[in-house]
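Novice:
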Amino acid sequence: MIISLIGYMGSGKSHISKLLSDKMNLKLIDLDKEIIARHNMPIAEIFEKKGEIFFRKQERAILDEILDTEKSCILSVGGGTPAYYENISLINEKSTSVYLRTSVKILTERLLKQKQKRPLIAKIPDEQLPEFIGQHLFERQQFYSQAKHTVITDNKSPEEICREIAQIFQIS
């Protein structure tokens with residue numbers, strides 16, 4: 001069983017996937033970390049030096065490889081991953097997807113603290129961030145909404161979110 005966590009940047013995919021991996025005793029694969037390791041550079045640098053199209057093609061190739069070779073794991077994918085190259089269809093075909101749905105308000109609070117690590121929002125003025133996130137989330141919602149399961153994350157601790165996901169898979 002492969003469980004793929006999807007959601008907007010800042011929704012908690014990396015943190016929740018780590019907790020879930022520990023709780024379910026499954027290997028953890030973070031797609032962004034795989035890309036970083038293979039290219040030996042941060043994603044922001046890949047975007048800057050090679051462009052988003054290059055990044056998205058690499059993301060698809062590595063996603064394909066992981067979903068073809070892994071039998072059982074927790075897979076955390078980047079916020080944009082489901083929105084490109086029919087990735088959401090591939091994710092749903094070869095794994096069980098869980099969308100970590102988080103409000104614009106919560107995402108903005110989290111992402112304001114992480115702007116410089118996030119190439120997509122690094123240059124957006126703070127006061128424009130909520131509007132950007134809202135618009136971007138709206139554009140990606142058609143992909144996120146195709147997840148097999150949705151967990152609303154607002155006002156829940158990471159542990160509560162993890163328990164809720166584990167319940168979906170009937171694991172205590």
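The sequence shown: position 64 = 64 (full-length UniProt numbering), numbered continuously. Glycine residues also receive a C-beta, built at the ideal position from the N, C-alpha and C atoms. This one's a predicted model, so the numbers in the text were calculated from it and none came from an experiment.
Note down the Cα distance separating R38 from I91, rounded to an integer number of angstroms.
Specialist: Counted from its first residue, the sequence shown places residue 38 at position 38. Counted from its first residue, the sequence shown places residue 91 at position 91. In a straight line, the C-alpha of R38 is about 21 Å away from that of I91.
Novice: Could you tell me which residues DSSP pairs with T96 in its beta bridges?
Specialist: Within the sequence shown, numbered from 1, the residue matching residue 96 stands at position 96. I3.
Novice: Cβ of L75 within 9 Å of Cβ of I2?
Specialist: Counted from its first residue, the sequence shown places residue 75 at position 75. Counted from its first residue, the sequence shown places residue 2 at position 2. Yes, the pair counts as a contact, with Cβ atoms nearer than the cut-off.
Novice: Nearest CA to the CA of L112: which residue from Q128, A83 and N87?
Specialist: Numbered from 1 along the sequence shown, position 112 holds the residue referred to as residue 112. Minimum Cα distance to L112 is reached at Q128.
Novice: According to DSSP, which residues form a beta bridge with H149?
Specialist: Along the sequence shown, read from residue 1 onward, the residue named residue 149 stands at position 149. Paired residues: V98.
Novice: Note the first and the last residue of the continuous alpha helix (DSSP H) segment covering K18.
Specialist: Within the sequence shown, residue 18 is the residue found at index 18, counting from 1. Unbroken alpha helix (DSSP H) run through K18: K13 to M24.
Novice: Quick test of your reading: I133 and L107, contact by CB under 8 Å. State the CB separation rounded to the nearest angstrom.
Specialist: Within the sequence shown, numbered from 1, the residue matching residue 133 stands at position 133. Within the sequence shown, numbered from 1, the residue matching residue 107 stands at position 107. I133 to L107, Cβ: 5 Å. Contact.
Novice: Which residues bound the alpha helix (DSSP H) around I168?
Specialist: Looking up residue 168 in the sequence shown gives position 168. Counting along the chain, the alpha helix (DSSP H) containing I168 begins and ends at P158 to I168.
Novice: Using DSSP's beta-bridge definition, name the partner residues of I29.
Specialist: Position 29 of the sequence shown holds residue 29. L75, per the DSSP bridge assignment.
Novice: Just to confirm, are residue 191 and P125 a CB contact at a threshold of 9 Å?
Specialist: One cannot answer for residue 191 here, as it falls past the ends of the chain, which runs 1 to 172.
Novice: Quick one: give me the first and last residue of the alpha helix (DSSP H) that D68 is part of.
Specialist: For the purposes of this step, residue 68 is taken as residue 68 along the sequence shown, with counting starting at 1. D68 -> alpha helix (DSSP H) spans E52 to T69.
Novice: Identify, in the order they occur along the chain, each residue of the same chain with its Cβ nearer than 7 Å to the Cβ of N87, setting aside the five sequence neighbours on each side.
Specialist: Stepping through the sequence shown from its first residue, residue 87 is reached at position 87. For N87, where only same-chain residues beyond five positions count, the Cβ hits under 7 Å are R60, L63 and T81.
Novice: With distance defined between alpha-carbon atoms, name the residue in H15, G7 and M24 nearest to I168.
Specialist: One-based indexing of the sequence shown puts residue 168 at position 168. Among H15, G7 and M24, the Cα nearest to that of I168 belongs to M24.
Novice: In whole angstroms, give me the CA-to-CA distance for A44 and D30.
Specialist: Walking along the sequence shown from the start, residue 44 turns up at place 44. Walking along the sequence shown from the start, residue 30 turns up at place 30. Cα to Cα, A44 sits roughly 16 Å from D30.
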